[in-house]
Amino acid sequence: MSYRKTTIALWIALILAVAAAYGAFSADITPIKNRITLDENAEFSIEIKNTETYKQTFRIDGSPSYPDWSVRTMPIIRPITLEVPAKSNESINILIKPNRKYVTVGSYRVNIEVATQYGEEETILLQPKIGIISSDEIIKEYVPTVTAETNFPSEVNPSEKLKFRLTLENQNRLNMSMAKLIISSKLLEEEIELRLAPREEKVIDIEKDLDPKLKPFKDLLTVRMIYEGEEILGPYYRRYELVPYSRITEETDVQKSFLKTTKTVIFTNKGNIGFQGRLSVPTTHIKRFFGSTKPKAEVVRKGGMLAYSWEKSLRPYESFSVQVKTNYLSLLILVIIIIALAVFLYIKRSPIYIKKQVTEIDSQEGGISKAKILINVKNRSEKKISEIAVIDKIPKLLDVEKHTTLGSLKPKKIRKNKSHETLILWDIDELMPGEERVISYYVKSSLQILGGFTLQAVMAKFRERGQLRSIRSNRVFIRV
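Taking my numbering, the leading residue of the sequence shown gets 22, the next gets one more, and so forth.
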């Protein structure tokens with residue numbers, strides 16, 4: 022019996038000893054970045070397991086390695102603590118920075134203590150390993166990496182200057198000198214030697230004048246970079262198209278002389294494709310009337326204005342020349358002719374002015390029965406005119422009322438001719454310059470004349486410079 026009790030007591034003591042040895046928590050450290058330069062931070066993750074049935078707070082202390090190493094968190098927690106619930110795990114990241122006064126290139130163990138903050142203190146020592154290397158060693162390990170971006174246009178007009186920007190970015194800390202940038206396409210071939218500092222972004226602006234006669238095509242822009250004999254960029258491609266265009270230019274030359282203008286216009290298709298359409302030169306109604314074109318043009322209305330127009334096809338850089346002449350000399354000649362004719366007519370006009378009119382008309386039963394006739398005779402010259410004979414002829418349907426004639430001048434003779442028409446003759450001895458005589462008489466009809474009839478013109482005969490001249494007045498139509 023005593024043997025059994027002794028055995029049980031030994032087992033209980035063993036279990037308690039193991040539990041005491043195992044402790045109330047455990048801690049592990051895992052490297053995130055443990056190979057650094059003297060200017061960098063090493064990074065580790067510490068995981069703490071709380072084996073107790075209650076929540077505990079743990080303190081992480083890097084002071085055992087100070088001042089060679091400094092331990093901190095980001096964001097900063099002072100002191101560094103971690104609260105872990107009962108029967109749970111929690112982790113925290115720490116940063117370890119070397120002090121270059123005491124640490125050089127090499128491999129080190131850093132002492133970090135993890136302990137419970139309250140109650141019976143237990144401590145676990147963690148010793149993460151950190152390797153310190155030189156910057157040159159890191160750089161040697163970098164693979165040259167460069168990225169490129171460009172705003173090279175997707176459509177290129179050869180009549181305009183080509184402008185684009187190429188942006189290069191060195192993706193690591195490698196200092197690349199004597200690198201060669203190669204840009205190639207059907208439009209340009211460029212080789213540029215350059216240097217890219219660590220992490221540098223370099224912008225290259227490129228401009229190039231193009232041949233405006235280039236035919237349309239589609240192509241790829243290729244960008245490559247060579248460093249130490251190896252291609253480290255590309256090929257980087259950018260698709261583009263040389264677009265078709267047609268642009269008509271005009272060169273105008275104007276030659277002027279007296280009342281004459283000659284305009285020469287040269288149309289040129291400064292494009293890379295053919296042109297088919299209308300070419301025009303503005304004009305006006307007046308210029309059109311006195312103008313001519315070579316070759317012959319069609320006159321059209323364009324935007325509310327008149328223009329000479331030619332339908333034409335032009336190949337790239339083909340020209341078409343037209344001439345537009347405006348000649349006002351013909352207008353001057355016409356004006357001179359009109360003035361001369363007016364002067365001639367004025368000189369040659371009859372000095373006697375004669376006019377015939379009807380002033381009174383009597384009607385009965387819808388027909389004309391009686392009318393009063395007035396004849397005006399005027400000397401419109403500046404000389405006296407003598408011996409003027411005025412002769413009027415009355416149709417055979419009408420008779421002159423002799424006893425009612427009250428004009429200022431009475432007829433010298435009234436008689437019938439073979440056609441039974443009545444002839445009336447007045448003699449005017451003389452007319453002074455500007456003097457006017459009025460002759461009046463009445464005609465009547467024994468029959469009612471329906472509708473109307475025409476009275477013939479009055480004739481005046483006189484002598485001028487010894488020559489016999491005659492003039493006639495207007496005819497008069499009488500109507501009810």
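We put the beta carbon where it would ideally sit given N, CA and C, even for glycine.
Quick caveat, the model's predicted, so the values are computed rather than measured.
N- and C-terminal bounds of the alpha helix (DSSP H) containing residue i
{"i": "residue 269", "result": "Careful: residue 269 lies outside any alpha helix (DSSP H), inside the beta strand (DSSP E) at 269–278."}
{"i": "residue 309", "result": "306–310"}
Limits of the unbroken beta strand (DSSP E) element including residue i
{"i": "residue 118", "result": "110–119"}
{"i": "residue 413", "result": "406–415"}
{"i": "residue 205", "result": "197–205"}
{"i": "residue 385", "result": "373–385"}
{"i": "residue 488", "result": "488–493"}
{"i": "residue 348", "result": "340–348"}
{"i": "residue 244", "result": "238–248"}
{"i": "residue 8", "result": "The question about residue 8 has no answer here: the residues shown for the chain are numbered 22 through 501."}
{"i": "residue 123", "result": "Premise fails: residue 123 is in no beta strand (DSSP E) and is neither H nor E."}
{"i": "residue 290", "result": "281–290"}
{"i": "residue 326", "result": "326–335"}
{"i": "residue 213", "result": "210–217"}
Residue i and residue j closer than 8 Å at C-beta
{"i": "residue 137", "j": "residue 65", "result": "no"}
{"i": "residue 462", "j": "residue 497", "result": "no"}
{"i": "residue 319", "j": "residue 334", "result": "no"}
{"i": "residue 372", "j": "residue 400", "result": "yes"}
{"i": "residue 273", "j": "residue 346", "result": "no"}
{"i": "residue 263", "j": "residue 242", "result": "no"}
{"i": "residue 183", "j": "residue 200", "result": "no"}
Euclidean distance between Cα positions of residue i and residue j
{"i": "residue 150", "j": "residue 70", "result": "22 Å"}
{"i": "residue 494", "j": "residue 275", "result": "55 Å"}
{"i": "residue 213", "j": "residue 226", "result": "12 Å"}
{"i": "residue 252", "j": "residue 266", "result": "38 Å"}
{"i": "residue 500", "j": "residue 390", "result": "11 Å"}
{"i": "residue 468", "j": "residue 448", "result": "31 Å"}
{"i": "residue 503", "j": "residue 220", "result": "Only positions 22 to 501 of the chain appear in the structure, and residue 503 is not among them; the question remains open."}
{"i": "residue 190", "j": "residue 204", "result": "16 Å"}
{"i": "residue 223", "j": "residue 96", "result": "34 Å"}
{"i": "residue 478", "j": "residue 417", "result": "15 Å"}
{"i": "residue 443", "j": "residue 485", "result": "28 Å"}
{"i": "residue 145", "j": "residue 73", "result": "16 Å"}
{"i": "residue 193", "j": "residue 166", "result": "7 Å"}
{"i": "residue 304", "j": "residue 233", "result": "32 Å"}
{"i": "residue 487", "j": "residue 476", "result": "31 Å"}
{"i": "residue 119", "j": "residue 84", "result": "13 Å"}
{"i": "residue 239", "j": "residue 261", "result": "6 Å"}
{"i": "residue 49", "j": "residue 195", "result": "36 Å"}
{"i": "residue 170", "j": "residue 296", "result": "37 Å"}
{"i": "residue 332", "j": "residue 317", "result": "11 Å"}
Residues that residue i bridges to, as DSSP identifies them
{"i": "residue 144", "result": "136"}
{"i": "residue 170", "result": "188"}
{"i": "residue 314", "result": "345"}
{"i": "residue 477", "result": "Looking at the DSSP assignment, residue 477 forms no beta bridge with any residue, so it has no partner."}
Contact belief for residue i with residue j at Cβ below 8 Å, rounded distance in angstroms
{"i": "residue 451", "j": "residue 423", "result": "26 Å between Cβ atoms; not a contact."}
{"i": "residue 57", "j": "residue 133", "result": "Not confirmed; about 16 Å, so no contact."}
{"i": "residue 446", "j": "residue 434", "result": "4 Å"}
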